[in-house]
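Peer 1: If you're matching them up, the sequences are chains A and B in order. Counting in this note's numbering, the first sequence runs from 418 upward without gaps. Counting in this note's numbering, the second sequence runs from 830 upward without gaps. Handing you a structure now.
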Amino acid sequence: MSPTLATALALLVATATTPPTGETVVRPGESLAQLAARTLGSEGAGPELLAFNHLEGSPAAGTKVLLPGPERARAVAAIGSARSAVVQAPAGSARTEAEARLAEAESLLAHARYAEAASQADGAWKLLSEAREERSRFAVAVEPDGRTRVAVHEGAPVRVEAQGRTRAVRAGETLTVIRGQPPGAPILEAASSSPAPEAPVLLSPEPGLKLGLEPAPGGLGPVRFSWRPVPDASGYVLELAGPRGHIFRTTQPVLTVPGLPAGKYRWTVRAVQADGTLGPPASRAVQLVPGRIKLEVKEAPWQ
Amino acid sequence: MKRAAGDEWQAAVNGTALYDDDKLRTERGGSAELHFPSGTVVVVSEDTLLGIAETRAAPGRPQADVTVLRGAVDATVDRPANQSLTVGTPAATVRAGREIVFQ
Numbered sequence: 418m419s420p421t422l423a424t425a426l427a428l429l430v431a432t433a434t435t436p437p438t439g440e441t442v443v444r445p446g447e448s449l450a451q452l453a454a455r456t457l458g459s460e461g462a463g464p465e466l467l468a469f470n471h472l473e474g475s476p477a478a479g480t481k482v483l484l485p486g487p488e489r490a491r492a493v494a495a496i497g498s499a500r501s502a503v504v505q506a507p508a509g510s511a512r513t514e515a516e517a518r519l520a521e522a523e524s525l526l527a528h529a530r531y532a533e534a535a536s537q538a539d540g541a542w543k544l545l546s547e548a549r550e551e552r553s554r555f556a557v558a559v560e561p562d563g564r565t566r567v568a569v570h571e572g573a574p575v576r577v578e579a580q581g582r583t584r585a586v587r588a589g590e591t592l593t594v595i596r597g598q599p600p601g602a603p604i605l606e607a608a609s610s611s612p613a614p615e616a617p618v619l620l621s622p623e624p625g626l627k628l629g630l631e632p633a634p635g636g637l638g639p640v641r642f643s644w645r646p647v648p649d650a651s652g653y654v655l656e657l658a659g660p661r662g663h664i665f666r667t668t669q670p671v672l673t674v675p676g677l678p679a680g681k682y683r684w685t686v687r688a689v690q691a692d693g694t695l696g697p698p699a700s701r702a703v704q705l706v707p708g709r710i711k712l713e714v715k716e717a718p719w720q
Numbered sequence: 830m831k832r833a834a835g836d837e838w839q840a841a842v843n844g845t846a847l848y849d850d851d852k853l854r855t856e857r858g859g860s861a862e863l864h865f866p867s868g869t870v871v872v873v874s875e876d877t878l879l880g881i882a883e884t885r886a887a888p889g890r891p892q893a894d895v896t897v898l899r900g901a902v903d904a905t906v907d908r909p910a911n912q913s914l915t916v917g918t919p920a921a922t923v924r925a926g927r928e929i930v931f932q
């Protein structure tokens, strides 16, 4: 088959399935592996390129070759996510099934069946994610100088992207991104270069106190939490666990909550360093109950 | 809060509904909780300015997007296998939960 005819046929068939985003011409002396490395970024993607163009052998120099569009990028990303999930998953039936789906996805990618490959890879990812199904909790802070700080408290990793580069941040890690720069490497809270601040000394409410409060928007209130300042702390995180969970950030060693539903709470305070790492927690229990109504008895204004 | 089509900042009260492109600002000592249709909850810390970028859940893709311009948020994605949350900032984009969902 002549190069021109091959190109025409490939164009006809490929257009009917996956819309290509471009084409290239095979250079003199360029092998299939070299062509694949140049166009798809992988020497091993030669068979995929052939499949996408419906060619049976290495194309001759001067042949126009179609290149896959965004569907391939999506399939490759899905396979990457699935591969990462499989590596991190503990041994078990979910992992075995996910490995099988991942292998199928990779095979489909090699045959340029991108939508099916992405679907299989996503199935593998979903299998492992559902097996885990742990909630993900993380914080994002934008500093006045534009820096972004990401801290993952628990659950699956989050992905931080900047300047075309993506980093995964796992539970217990923090990552800072300077505006206009790609993300650096995440650091473990415990492995922070600067020493962690000490645990705050809690002041009020006192331990185990049953606090009688007046009705307020949101329940009873106001509730004032205070603790001693921690040296070198840039702020504090106060976490409330109880009938209403809540996380507060403050720069002061005191925080007043206008109203909370009645019940038993545990309040935990941690100091935050300038680089975003959290210090050890200090925790106390408090119970909020409706306070007694205050009535004032006055003398009647008449005789 | 400020509506997408409005110029005036107005006080938000418990239960106020926010929509795409609305903005929310908390003052010092203030905070707020954003509950998205997907079930994702974002706690907005004091002195924070953010925008609601996406509240619609596309078929098979429960999603919530916010853009934080100043301050801090704490997010909880209860079911990361089925939910996703994207937090944009001036320096980065943070994604949690599902990356791609096919139904």
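C-beta: ideal position from N, C-alpha, C; glycine also.
1) Mind listing the chain A neighbours of residue 875 (chain B)? Cutoff is C-beta to C-beta under 7 Å, in chain order.
2) To which residues of the same chain is residue 468 (chain A) closer than 6 Å at the C-beta, ignoring the five residues directly before and after it?
3) So residue 471 (chain A) contacts chain B; which residues on that side make the cut at Cβ distance below 8 Å?
4) With which residues is residue 459 (chain A) paired in a DSSP beta bridge?
5) So what's residue 673 (chain A) in DSSP terms, helix, strand or just coil?
6) Taking 7 Å as the CB-CB cut-off, is residue 903 (chain B) touching chain A?
7) Any C-beta of chain B sitting closer than 7 Å to the C-beta of residue 565 (chain A)?
8) Of the residues B:902, B:922, B:849, B:913, which one's Cα is nearest the Cα of residue 663 (chain A)?
9) Per DSSP, which one or two residues make a beta bridge with residue 873 (chain B)?
10) How many Å lie between residue 684 (chain A) and residue 633 (chain A) at the Cα?
11) Name, please, each residue of chain B whose Cβ falls closer than 8 Å to the Cβ of residue 496 (chain A).
12) Which whole-angstrom value describes the C-beta separation of residue 680 (chain A) and residue 630 (chain A), a residue pair presumed to lie in contact below a C-beta threshold of 8 Å?
13) Ignore the nearest five residues each way along the sequence and tell me which others in residue 609 (chain A)'s own chain have a CB closer than 6 Å to its CB.
14) Compare the C-beta of residue 860 (chain B) against all C-beta atoms of chain A and say whether one is closer than 7 Å.
15) How many angstroms separate the CA atom of residue 618 (chain A) from the CA atom of residue 603 (chain A)?
16) State buried or exposed for residue 848 (chain B), treating a residue as buried only when at least 16 other CB atoms are found within 10 Å of its CB.
17) Spatial neighbours of residue 553 (chain A) within its chain, please: CB distance less than 8 Å, with the 5 preceding and 5 following residues excluded, ordered by chain position.
18) Using alpha carbons as the reference points, say which of B:894, B:900, B:854 lies closest to residue 867 (chain B).
19) Hey, residue 470 (chain A) and residue 452 (chain A): beta-carbon distance below 7 Å or not?
20) Using the Cβ count rule (16 or more neighbours within 10 Å means buried), how would you classify residue 623 (chain A)?
21) Between the region 481–495 of chain A and the region 437–448 of chain A, can you find at least three pairs of beta-carbon atoms closer than 8 Å?
22) Below 7 Å between beta carbons: does that hold for residue 688 (chain A) and residue 650 (chain A)?
23) Would you call the region 557–569 of chain A and the region 510–520 of chain A touching, i.e. three or more CB-CB distances under 8 Å?
24) What does residue 578 (chain A) touch in chain B if you count any residue whose Cβ is under 9 Å from its own?
25) For residue 666 (chain A), which of B:872, B:881, B:839, B:841 has the nearest alpha-carbon?
26) Going by CA-CA distance only, name the one from A:616, A:652, A:589, A:567 that's closest to residue 920 (chain B).
27) CA-CA distance, residue 672 (chain A) and residue 642 (chain A)?
28) What residue does the beta strand (DSSP E) around residue 683 (chain A) start on, and which one ends it?
29) What does the Cβ neighbour count give for residue 701 (chain A), buried or exposed, with the cut at 16 atoms within 10 Å?
30) Apart from the five residues on each side of it in sequence, which residues of its chain come closer than 6 Å, Cβ to Cβ, to residue 915 (chain B)?
31) Cβ of residue 553 (chain A) less than 7 Å from any chain B Cβ?
32) Within 10 angstroms of the Cβ of residue 584 (chain A), are there 16 or more other Cβ atoms? Answer buried if so, exposed if not.
33) Please compile the residues from chain B whose C-beta is within a distance smaller than 7 Å of the C-beta of residue 596 (chain A).
34) Closest by CA to residue 792 (chain A), which one among A:600, A:705, A:507?
35) Does the Cβ of residue 690 (chain A) have 16 or more other Cβ atoms within 10 Å, making it buried, or fewer, making it exposed?
36) Got a sec, what are the start and stop residues for the alpha helix (DSSP H) residue 578 (chain A) sits in?
Peer 2: Quick look at the numbers:
1) For the purposes of this step, residue 875 (chain B) is taken as the residue at position 46 of the second sequence. The answer, in chain order, is 666, 667.
2) Numbered from 1 along the first sequence, position 51 holds the residue referred to as residue 468 (chain A). Only 528, 529 meet the Cβ criterion.
3) Locating residue 471 (chain A) in the first sequence gives position 54, counting from the first residue. Neighbours of residue 471 (chain A) in chain B, taken as residues whose beta carbon is under 8 Å from its own, are absent, since the nearest beta carbon is some 25 Å off.
4) Here residue 459 (chain A) refers to the residue found at position 42 when the first sequence is read from its first residue. Answer by DSSP bridge pairing: none, since residue 459 (chain A) is not bridged.
5) Along the first sequence, one-based indexing puts residue 673 (chain A) at 256. Collapsing the DSSP output to three states places residue 673 (chain A) in a strand.
6) Indexing the second sequence from 1 puts residue 903 (chain B) at position 74. It does; some Cβ of chain A falls within 7 Å.
7) Numbered from 1 along the first sequence, position 148 holds the residue referred to as residue 565 (chain A). Yes, residue 565 (chain A) lies at the interface with chain B (some Cβ there is under 7 Å from its Cβ).
8) Within the first sequence, numbered from 1, the residue matching residue 663 (chain A) stands at position 246. Comparing Cα positions, the closest option is B:902.
9) Walking along the second sequence from the start, residue 873 (chain B) turns up at place 44. When DSSP reads this structure, residue 873 (chain B) sits in a beta bridge with B:861, B:902.
10) By one-based count along the first sequence, residue 684 (chain A) stands at place 267. By one-based count along the first sequence, residue 633 (chain A) stands at place 216. Taking the straight line joining both Cα atoms gives about 20 Å.
11) Position 79 of the first sequence, counted from the first residue, corresponds to residue 496 (chain A). Result: empty, since nearest Cβ-Cβ is about 11 Å, beyond 8 Å.
12) Your numbering for residue 680 (chain A) matches position 263 in the first sequence. Your numbering for residue 630 (chain A) matches position 213 in the first sequence. At roughly 12 Å, the Cβ-Cβ gap does not stay under 8 Å, so residue 680 (chain A) and residue 630 (chain A) are not in contact.
13) Position 192 of the first sequence holds residue 609 (chain A). Reliability of the predicted coordinates at residue 609 (chain A) is poor, the pLDDT of 46 falling under 50, and the value obtained from them is presented with this limitation in mind. If the five residues before and after residue 609 (chain A) are omitted, its C-beta is found closer than 6 Å to the C-beta atoms of 694, all from its own chain and listed in chain order.
14) Counting from one through the second sequence, the residue named residue 860 (chain B) turns up at place 31. Judged by the 7 Å Cβ criterion, residue 860 (chain B) is in contact with chain A.
15) Position 201 of the first sequence holds residue 618 (chain A). Position 186 of the first sequence holds residue 603 (chain A). In this structure, the CA atom of residue 618 (chain A) is about 29 Å from the CA atom of residue 603 (chain A).
16) As a first step, residue 848 (chain B) is located in the second sequence; it is residue number 19 there, counting from the start. Classification for residue 848 (chain B): exposed.
17) For the purposes of this step, residue 553 (chain A) is taken as the residue at position 136 of the first sequence. Annotation for residue 553 (chain A): 569, 571, 572, 573, 575 place their beta carbon closer than 8 Å to its own, counting only its chain and skipping 5 residues before and after.
18) In the second sequence, counting from the first residue as 1, residue 867 (chain B) sits at position 38. Scanning B:894, B:900, B:854 for the CA closest to the CA of residue 867 (chain B) turns up B:894.
19) One-based indexing of the first sequence puts residue 470 (chain A) at position 53. One-based indexing of the first sequence puts residue 452 (chain A) at position 35. If you check the CB distance, residue 470 (chain A) and residue 452 (chain A) do not come in under 7 Å.
20) Stepping through the first sequence from its first residue, residue 623 (chain A) is reached at position 206. Per the 10 Å Cβ criterion, exposed.
21) The region 437–448 of chain A vs the region 481–495 of chain A: in contact.
22) As a working mapping, residue 688 (chain A) is identified with position 271 in the first sequence. As a working mapping, residue 650 (chain A) is identified with position 233 in the first sequence. Contact flag set, yes.
23) Touching, no.
24) Translated into positions along the first sequence, residue 578 (chain A) becomes position 161. In chain order: 921, 922, 923, 924.
25) Indexing the first sequence from 1 puts residue 666 (chain A) at position 249. It is B:872 whose Cα lies nearest to the Cα of residue 666 (chain A).
26) Counted from its first residue, the second sequence places residue 920 (chain B) at position 91. Among A:616, A:652, A:589, A:567, the Cα nearest to that of residue 920 (chain B) belongs to A:567.
27) On the first sequence, position 255 is the one that residue 672 (chain A) refers to. On the first sequence, position 225 is the one that residue 642 (chain A) refers to. The alpha-carbon atoms of residue 672 (chain A) and residue 642 (chain A) are separated by roughly 5 Å.
28) As a position in the first sequence, residue 683 (chain A) is number 266, starting the count at 1. Per DSSP, residue 683 (chain A) belongs to the beta strand (DSSP E) from 680–689.
29) Mapped onto the first sequence, residue 701 (chain A) falls at position 284. Of the other Cβ atoms in all chains shown, 16 or more fall within 10 Å of the Cβ of residue 701 (chain A); this residue is therefore buried.
30) Reading the second sequence from its first residue, position 86 is the one you call residue 915 (chain B). By the criterion of a C-beta distance shorter than 6 Å, residue 915 (chain B) is surrounded in its chain by 894, 924, once the five residues flanking it on both sides are discounted.
31) Taking the first residue of the first sequence as 1, we reach residue 553 (chain A) at position 136. Interface with chain B (7 Å Cβ-Cβ cutoff): residue 553 (chain A) is included.
32) As a first step, residue 584 (chain A) is located in the first sequence; it is residue number 167 there, counting from the start. Buried: at least 16 other Cβ atoms inside 10 Å.
33) The residue you call residue 596 (chain A) lines up with position 179 of the first sequence. Taking the beta carbon of residue 596 (chain A) as reference, the chain B residues within 7 Å of it are 919, 920, listed in sequence order.
34) Nothing about residue 792 (chain A) can be reported from this structure: the residues present for chain A run from 418 to 720 only.
35) In the first sequence, counting from the first residue as 1, residue 690 (chain A) sits at position 273. Residue environment: residue 690 (chain A) is assigned as buried (16 or more neighbouring CB atoms within 10 Å of its CB, all protein chains considered).
36) What you label residue 578 (chain A) is simply residue 161 of the first sequence in a count that begins at 1. That residue, residue 578 (chain A), is in no alpha helix (DSSP H); its beta strand (DSSP E) goes 575–579.
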